[in-house]
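Structure first, commentary second.
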Ligand code: DX5
Ligand code: ZN
């Protein structure tokens, strides 16, 4: 199933509930929450209090992408705030297996994220534990960056590994995914599509989501 995980990083924070409702009306089915700490990435966004604030205003799953040092420290707080999925960066987890288990022990779906320079092979040992793998298709830290084309082969690699290893993790892609790049990532095997700036736009959010999903779903049909 192809899903749009809309990134609220590109939303109007003064009207977050309305923004989420618009993206949801356009067909978005996952709320992607970009958590940045100013250390792992050169930007600061929001944390558990914002997750807690949006939890009651939507039934959609909250997909928290932690771009932070020492994620273990905050996993209980995200669980208490109502997060459904937590993705941690392989680059910051010295004990990745333990961190993923901690996420699962807190009742959330564990996921792992790869920066563009991190080899896919780094994940081999943990693939059986994850709900999804998040492939960064830009260097994390900011919305609105240009899609890195090598990401397509990285997604295809993860799709091949899934078959070879007999697993069923999902593949999420994040960064520069828009109407002109979405077909290539879907055809490579991504099915959780993060998009921020391609979706949120004053007066056009709902229609942007509809158009984005139409392109993504027709690309999936070509693949099948
Ligand atoms: C970047 C974030 C992304 C970002 C995507 O560090 O992880 O989720 O919001 O934004 P767009 O879709 O604008 O590239
Ligand atoms: Zn993200």
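Numbering (our numbering), first residue to last: 29 to 252. Using N, Cα and C, we set each Cβ at its ideal position, and we do this for glycine too.
How would you call residue 182, buried or exposed, if buried means at least 16 neighbouring beta carbons within 10 angstroms? buried
Report yes if the CB atom of residue 56 is closer than 7 Å to the CB atom of residue 211, and no otherwise. no
Which residues does DSSP list as the beta-bridge partners of residue 60? 35, 91
Report yes if the CB atom of residue 94 is closer than 7 Å to the CB atom of residue 63, and no otherwise. yes
Who are the Cβ neighbours of residue 224 in its own chain at under 6 Å, not counting the five residues just before and after it? 35, 37, 38, 171
Return the chain-ordered list of same chain residues with a C-beta closer than 7 Å to the C-beta of residue 234, the five sequence neighbours on each side being excluded. 50, 53, 54
Which residues in the same chain as residue 158 place their Cβ atom closer than 7 Å to its Cβ, once the five residues preceding and following it in sequence are excluded? 128, 138, 139, 140, 197
Three or more C-beta pairs closer than 8 Å, one from the segment 105-113 and one from the segment 82-93: is that the case here? yes
Between residue 163 and residue 125, is the Cβ-Cβ spacing less than 7 Å? no
Buried versus exposed call for residue 202 [16 or more other C-beta atoms within 10 Å across all chains shown]: buried
So the alpha helix (DSSP H) residue 76 belongs to, where does it begin and stop? 76-82
CA-to-CA distance, residue 152 to residue 105, given in whole angstroms: 28 Å
Nearest neighbour of residue 76, chosen from 61, 70, 40 [CA to CA]: 61
Measure the alpha-carbon distance for residue 206 versus residue 215 and round it to whole angstroms. 14 Å
Provide the residue(s) that pair with residue 124 in DSSP beta bridges, ordered along the chain. Note: residue 124 sits in no beta bridge, so no partner.
Residue 29, buried or exposed, once every other Cβ within 10 Å from all chains shown has been counted against 16: exposed
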